[in-house]
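Start counting the sequence shown at 13; every next residue gets the next number (the working numbering). Backbone N, C-alpha and C define an ideal beta-carbon position, used for all residues, glycine too. Bear in mind that the values here come from a model prediction, so they are computed numbers and not experimental data.
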Amino acid sequence: MFDFKFPPEIEDRIFEWAAFLLPCDACHLAVTCKRLQIRVEYIMYESLLFAKEPYRGIPETADVKRFEYTLKVRPAEFFATRVRNICIMFNVNPSFAKSVIAKCTGARCVACWTFMNRPSGYGTLFLPLTSTLVGISTNKYTVNEMAASGIAFPHVQYLGLMGEAKEPLLPLDWLPNLLTMQVDLNNPRSDQWLEDTKLAISTALFLEMVIFDVNPGFLDEVESRRPELGEEAAIWIRNREFEHGIYKWRGFAYKDEMIFD
């Protein structure tokens with residue numbers, strides 16, 4: 013029988029790696045002792061994915077009902093100092109999404125797809141994140157509400173637009189360091205996507221790349237309009253059924269994983 017005695021700092025690193033590699037078991041490690049709980053919880057809460065059911069085999073989907081209790085009993089500072097990445101899927105209640113974003117004021121990357129295709133009034137939820145946010149993916153209504161606030165988000169480098177709202181996109185000069193924009197085109201029935209992209213290229217001065225995720229039936233049509241966008245930004249058109257890095261996003265920044273698989 014071997015009796016290994018590691019220094020506390022080595023033990024901490026071992027358990028941290030175990031929590032990262034085996035997220036389903038991290039909660040068991042957290043109740044081992046107070047010292048370990050503090051360290052493991054930073055890993056457990058760093059990246060959160062909310063869906064009403066397990067999503068595409070990702071094991072660490074947070075239980076919405078249980079997390080509602082966690083939001084009530086934990087102080088806001090707990091979430092502000094731990095949560096960095098948030099993904100909220102389409103089938104999650106918007107009021108729950110609102111409560112999560114409101115408390116996680118230190119989040120750097122947020123994908124919120126529950127506010128789809130309608131004015132939500134939730135754009136103001138992101139305003140407290142002006143000093144931390146580097147990547148955001150949501151619908152055009154929410155993005156326009158953020159733009160209308162007149163508040164700049166100087167650190168945002170990635171913007172994802174989900175859904176196809178008829179409302180024109182507002183200028184993106186409030187994102188002075190935007191580098192990449194990703195647009196979901198499921199059924200481009202009008203040229204609004206084209207006008208939005210032209211506006212984005214002309215108002216986001218450092219925009220380098222625009223990615224279109226297109227329904228397979230419209231790939232040729234969208235490809236034929238590429239010349240109208242000019243050469244100021246690289247244009248990448250791909251099949252929207254492509255497995256985005258978002259499906260294996262845990263532990264990475266959204267903006268990196270959405271762009272690079």
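Alpha-carbon spacing of residue i relative to residue j, whole angstroms
| i | j | result |
| --- | --- | --- |
| residue 31 | residue 55 | 7 Å |
| residue 138 | residue 158 | 7 Å |
| residue 25 | residue 112 | 29 Å |
| residue 142 | residue 166 | 7 Å |
| residue 116 | residue 245 | 33 Å |
| residue 241 | residue 133 | 31 Å |
| residue 69 | residue 93 | Because the pLDDT at residue 69 is just 49, under 50, the model does not fix this residue reliably, and the value given afterwards should be weighed accordingly. Going from the Cα of residue 69 to the Cα of residue 93 covers about 28 Å. |
| residue 18 | residue 58 | 26 Å |
| residue 85 | residue 140 | 21 Å |
| residue 79 | residue 20 | 31 Å |
| residue 238 | residue 51 | 49 Å |
| residue 160 | residue 106 | 21 Å |
| residue 200 | residue 162 | 29 Å |
| residue 203 | residue 210 | 11 Å |
| residue 46 | residue 74 | 22 Å |
Residue i versus the options, residue with shortest Cα-Cα distance
| i | options | result |
| --- | --- | --- |
| residue 170 | 156, 150, 182 | 150 |
| residue 90 | 114, 101, 74, 109 | 114 |
| residue 61 | 51, 108, 93 | 108 |
| residue 124 | 118, 184, 144, 99 | 99 |
| residue 97 | 147, 140, 106 | 147 |
Test item: CB-CB of residue i and residue j under 8 Å
| i | j | result |
| --- | --- | --- |
| residue 164 | residue 186 | yes |
| residue 104 | residue 76 | yes |
| residue 224 | residue 234 | yes |
| residue 144 | residue 118 | yes |
| residue 174 | residue 192 | no |
| residue 227 | residue 198 | yes |
| residue 194 | residue 229 | no |
Same chain, Cβ closer than 8 Å to residue i, five either side skipped, listed in chain order
| i | result |
| --- | --- |
| residue 156 | 135, 179, 181, 182 |
| residue 231 | 249, 251 |
| residue 168 | 145, 146, 147, 148, 187, 189, 190 |
7 Å CB neighbourhood of residue i in its chain, flanking five on each side removed
| i | result |
| --- | --- |
| residue 215 | 183, 184, 185 |
| residue 177 | 129, 151, 152, 153 |
Proximal residues to residue i (C-beta, below 6 Å), its chain only, five neighbours per side dropped
| i | result |
| --- | --- |
| residue 27 | 41, 48 |
| residue 196 | 174, 225 |
Element boundaries [beta strand (DSSP E), containing residue i]
| i | result |
| --- | --- |
| residue 194 | 192-197 |
| residue 225 | 221-226 |
| residue 149 | 147-151 |
Extent of the continuous alpha helix (DSSP H) to which residue i belongs
| i | result |
| --- | --- |
| residue 236 | 231-236 |
| residue 27 | 20-33 |
heavy atom of the ligand SAM below 7 Å from residue i C-beta
| i | result |
| --- | --- |
| residue 230 | No copy of the ligand SAM occurs in the structure displayed, which carries no ligand at all. |
Test: residue i CB closer than 8 Å to a CB of chain B
| i | result |
| --- | --- |
| residue 159 | Looking for chain B here will not work: only one protein chain is present. |
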